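Below: one structure, written as structure tokens.
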Amino acid sequence: MKRFVTFEGIDGSGKSTISKLVSERLRSAGHDTIWTYEPTDSTIGKFVQECIRSQTDPFITSFTFIADRIQHCKHIQQWLDNGKIVLCDRYAESTYAYQAAQLESELEDPLKWLRELSEGRILLPDRTFLFVIEPKIALARIQHRTELIPFERVAFLEKVHKNYLKISKGKRFLKLDATQSIDQLVQLCYDDIVQETKKK
-14 MKRFVTFEGI DGSGKSTISK LVSERLRSAG HDTIWTYEPT DSTIGKFVQE CIRSQTDPFI
46 TSFTFIADRI QHCKHIQQWL DNGKIVLCDR YAESTYAYQA AQLESELEDP LKWLRELSEG
106 RILLPDRTFL FVIEPKIALA RIQHRTELIP FERVAFLEKV HKNYLKISKG KRFLKLDATQ
166 SIDQLVQLCY DDIVQETKKK
């Protein structure tokens, strides 16, 4: 059983919808489950959201994202200590992928810089699901949103998409085709978390 699981992907990849449905499925199966997200709704998290909306200096935005996460991890650790399964919609890889795209003209290696800021200060998930989808398809899915935040532009999401693929290496990551049906994706995530495999 995986206890701390994060859901990553560009805007419009469906990760929020899937993560909520997986949490409901786990609860229905009797698992004590917490669904959470980043930026959080804490004071720092709300400042992060304002930084995004107002297109604040990317260094300031990066620091606030990480500060929010460090605080969030204290709550996540408490939930884990109490025997809960914790699902998180966006986590460290979101900051690495998005902020590295913003900082590419400011730093020689923004991914390295962002990772070093977080090193030793945040929890490592048991599993990170990466929902992979072409940015143009993802953006088409969210065109109905009344206000698209600055991150939600094709050229920018192309850079974020590449960063996600670059950083999602190792056993912790499971890449999923985000164009699959919702039911298929929920089943894949659920089975992976509870370590069930379908009998052939």
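In this text, residue positions in the sequence shown follow my numbering: the first is -14, and each later residue adds one.
By construction, the Cβ of each residue, glycine as well, lies at the ideal position given by its N, Cα and C atoms.
No experiment lies behind these values; they were computed from the predicted model shown.
For I122, which of helix, strand or coil comes out of DSSP? helix
How far does the alpha helix (DSSP H) with R106 in it extend, from its first residue to its last? Looking at the DSSP string, R106 is not in any alpha helix (DSSP H), and its letter there is neither H nor E.
With DSSP as the reference, please indicate the residues paired to K160 in a beta bridge. L115
Extent of the continuous beta strand (DSSP E) run through G(-6): -11 to -6
Kindly indicate which residue of I127, I45, Q165, E23 has the alpha-carbon position closest to the one of E91. I45
Considering only the beta carbon of each residue, do S47 and E(-7) sit closer than 9 Å? no
Taking the alpha carbon of I178 as the point to measure from, which residue in L159, D168, S27, A140 has its own alpha carbon closest? L159
In three-state DSSP terms, what is D94? coil
Among residues of its own chain, excluding the 5 on either side of T(-9), which ones have a beta-carbon nearer than 6 Å to its beta-carbon? C73, Y76, P110, T113
Where do the N-terminal and C-terminal ends of the alpha helix (DSSP H) with I51 fall, by residue? 43 to 66
Since D74 sits in a beta bridge, which residues does DSSP pair it with? F(-8), Y22
Check whether the stretch 23 to 32 touches the stretch 48 to 62, taking contact to mean three or more Cβ pairs, one atom from each stretch, closer than 8 Å. yes
By the three-class DSSP mapping on this structure, what secondary structure does A140 have? helix
Among M(-14), D(-4), R(-12), nearest to A125 - alpha-carbon criterion: D(-4)
Straight-line CA distance for E89 to E35? 22 Å
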